[in-house]
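Right, one structure below, let's go through it.
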Amino acid sequence: MISGRHTCVGLTCLLQTRLAALEHAYPGLKDATYKVGCEEEVDNIEWFCSGSVPPDTCEMEHVLLCIRVRLCGRAGVMLLDPGYHVGEVVTVMEDGRAPTTGFVQGGATSGVQRWYRYRAWGGNAAFVTWEVVTRRGGGGGGGCEVFSAESEDGRTGSEKVKAGSERGGGGGGGDSEEKQGTINTNEGTKQGGDEDKKNTAEQDQHKQDTREKEKRDKENGKDDPEPPPPPPPPPHQEGQTESKHTSIIFVGLPFLSPLEVAERRNIAYPIKSLVGRDSTGALTSGLYFPVTHVASAKVTLFTKETGKKKIPLTYFMRNEEKEEEQQQQQDEEEEVNKKRVGRREDKNGGEERKEEIRKHKQEKKKKKKKKKNQNEEKEEEEEIKKEKKRKTKTKQDHTQQQQQQQQQQQHTQQTEILLERIAGDTGRSAGELRSLLTHTASLLTDLDLLADLSRLNEEIEEISRLN
Numbered sequence: 001m002i003s004g005r006h007t008c009v010g011l012t013c014l015l016q017t018r019l020a021a022l023e024h025a026y027p028g029l030k031d032a033t034y035k036v037g038c039e040e041e042v043d044n045i046e047w048f049c050s051g052s053v054p055p056d057t058c059e060m061e062h063v064l065l066c067i068r069v070r071l072c073g074r075a076g077v078m079l080l081d082p083g084y085h086v087g088e089v090v091t092v093m094e095d096g097r098a099p100t101t102g103f104v105q106g107g108a109t110s111g112v113q114r115w116y117r118y119r120a121w122g123g124n125a126a127f128v129t130w131e132v133v134t135r136r137g138g139g140g141g142g143g144c145e146v147f148s149a150e151s152e153d154g155r156t157g158s159e160k161v162k163a164g165s166e167r168g169g170g171g172g173g174g175d176s177e178e179k180q181g182t183i184n185t186n187e188g189t190k191q192g193g194d195e196d197k198k199n200t201a202e203q204d205q206h207k208q209d210t211r212e213k214e215k216r217d218k219e220n221g222k223d224d225p226e227p228p229p230p231p232p233p234p235p236h237q238e239g240q241t242e243s244k245h246t247s248i249i250f251v252g253l254p255f256l257s258p259l260e261v262a263e264r265r266n267i268a269y270p271i272k273s274l275v276g277r278d279s280t281g282a283l284t285s286g287l288y289f290p291v292t293h294v295a296s297a298k299v300t301l302f303t304k305e306t307g308k309k310k311i312p313l314t315y316f317m318r319n320e321e322k323e324e325e326q327q328q329q330q331d332e333e334e335e336v337n338k339k340r341v342g343r344r345e346d347k348n349g350g351e352e353r354k355e356e357i358r359k360h361k362q363e364k365k366k367k368k369k370k371k372k373n374q375n376e377e378k379e380e381e382e383e384i385k386k387e388k389k390r391k392t393k394t395k396q397d398h399t400q401q402q403q404q405q406q407q408q409q410q411h412t413q414q415t416e417i418l419l420e421r422i423a424g425d426t427g428r429s430a431g432e433l434r435s436l437l438t439h440t441a442s443l444l445t446d447l448d449l450l451a452d453l454s455r456l457n458e459e460i461e462e463i464s465r466l467n
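Residue numbering for the sequence shown follows full-length UniProt numbering, beginning at 1 and increasing consecutively.
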């Protein structure tokens, strides 16, 4: 963990510390508040929730905060998730009745919309299911889409991205991509039709329940009835694809080892990222890069306004490392220049030889004045043409070199502007951000470290398949 900066683990600990200040206003809050673990993208939900505790094969790669509540004798929990930037407190009653929170709109990015729904697992209230509905395409959402379904280095969505920022609700575990297949509504109405009908039916049912509740409240003389839960997601739009997955939150017992388990798990993730978000959880700017050798690694800088910009991670290497690389380039350029000089000398020697031949010819051709004049004119024309070509080539090389220098300066200025913006959005200084990337570039030169991380991810993926 970076000192003073947090992933989902640190953000949850920070939030719990800050909530402790409300103990005097709400006695018992500290005792009712505890950290809980979440297993992401569970396939066999019934098996996972069949015991009093999660299976031994669980990873618990995400951490959030839980407050146990009781309302008129009815048990439930309130969930606070700063790591996934959920912008509201989620209430989950064991009986599923009000004030259980309905669908929650997740952070929308360019062409991507997400909805979350949390429900107690029937028959075992120690587990809460977290259903994630993701729709891509159709022009939905605003902002900038940062992570695609398959990352740049070819890794699939099961190797989830963790992103962190302390500003605007903080950083932590980023949105994980979906393992399950998508439903493409362009391929035919049959694939998405049933789901659309289901969503439309849920919306109609929601409206009817709301009207009936308002009628009951009016009959019972309630002046300030409870607000209805949020409606379900709207039906598909044309061109959208939808995918779903379910994660499991274990609320039965406190998660006592988030740093030793979840944080260490996050260290091995094959993609590293740092993002800034606004108060609603929407992305404003950030950076990310794959964990691969520095020679091939590229860091992607992005902002909501300007989009993405990829630059080699070697850009942030230390000065001495840069000097070595520049010295190597200079040596290569000198070698090329030596070859050019050698060719010029050979060419000059050839020209001297030509001059001797020409003089020799002049002596021979004194007897043949007409032929002599013709040859001299022809040779002079050739020399003039060659001289013009040499001057043109020299001028073109000089112009091209100047253009390259200007482009390099513009590239450097744009990169520095992006770094300043990202540093500001993530609550850091630009110097701290450069230092972090410099240290990262140095680490990614270690082939043994990269091999160990690759092996760890393979072992983790093998365990994940058991769930």
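We put the beta carbon where it would ideally sit given N, CA and C, even for glycine.
Within the stretch 63 to 150, no run of alpha helix (DSSP H) reaches 4 residues while sitting entirely inside it. Boundaries around residue 30 are those of the alpha helix (DSSP H), 29 to 32, since no beta strand (DSSP E) includes it. DSSP, reduced to helix, strand and coil, places residue 302 within a strand of the structure shown. Contact annotation, residue 294 with residue 451: C-beta distance approximately 15 Å; criterion of less than 8 Å not satisfied. Straight across, the Cα-Cα distance linking residue 106 with residue 410 is about 37 Å.
If you ignore the 5 residues before and after residue 94, its C-beta comes within less than 8 Å of the C-beta of 74, 75, 76, 120, 125, all in its own chain and listed in chain order. Residue 13 sits in a helix when the DSSP states are folded into three classes.
The Cβ atoms of residue 128 and residue 63 do not sit closer than 9 Å to each other. Between residue 276 and residue 87, the C-beta spacing is not below 9 Å. When DSSP states are grouped into helix, strand and coil, residue 277 belongs to the strand group. Annotated as proximal: residue 65 and residue 35, with beta-carbon spacing under 9 Å. Residue pairing of residue 307 in beta bridges, as defined by DSSP: 303.
Residue environment for residue 85: buried (at least 16 other C-beta atoms within 10 angstroms of its C-beta). CA-CA distance, residue 304 to residue 27, rounds to 43 Å. The C-alpha of residue 313 lies about 14 Å from the C-alpha of residue 271. Take the alpha-carbon of residue 278 and the one of residue 317: they are about 31 Å apart.
By the neighbour-count definition (other C-beta atoms within 10 Å, threshold 16), residue 336 is an exposed residue. According to the DSSP assignment, residue 246 belongs to the beta strand (DSSP E) that extends over 241 to 250. Cβ neighbours of residue 377 within its own chain (closer than 6 Å, five residues either side excluded): none. A residue is called buried once 16 or more other Cβ atoms fall within 10 Å of its Cβ, and residue 240 is buried on that count. Here the stretch 241 to 258 lies against the stretch 33 to 50, with 3 or more beta-carbon pairs under 8 Å apart. Residue 57 has its alpha-carbon roughly 7 Å from the corresponding atom of residue 466.
Where residue 438 is concerned, there is no enclosing beta strand (DSSP E), although the alpha helix (DSSP H) around it starts and stops at 430 to 443.
One thing to note: residue 244 has its Cβ no nearer than 9 Å to the Cβ of residue 61.
DSSP lists 273, 300 as the bridge partner or partners of residue 288. Boundaries of the alpha helix (DSSP H) harbouring residue 449: 447 to 464, taken from the DSSP string.
Of the candidates 252, 46, 67, 252 places its Cα closest to the Cα of residue 53. Scanning its chain for C-beta atoms nearer than 6 Å, with the 5 sequence neighbours on each side dropped, one finds around residue 308 the residues 300, 302, in chain order.
When the alpha-carbon of residue 250 is set against those of 405, 118, 292, the nearest one is in 118.
For residue 46, the enclosing alpha helix (DSSP H) has its first and last residue at 45 to 48. Within its own chain, the residues whose Cβ lies closer than 8 Å to the Cβ of residue 444, once the five positions on either side in sequence are excluded, are 291, 292, 293, 294, 297, 313, 450, listed in chain order. The shortest C-alpha to C-alpha distance from residue 67 to any of 315, 23, 47 is the one to 23.
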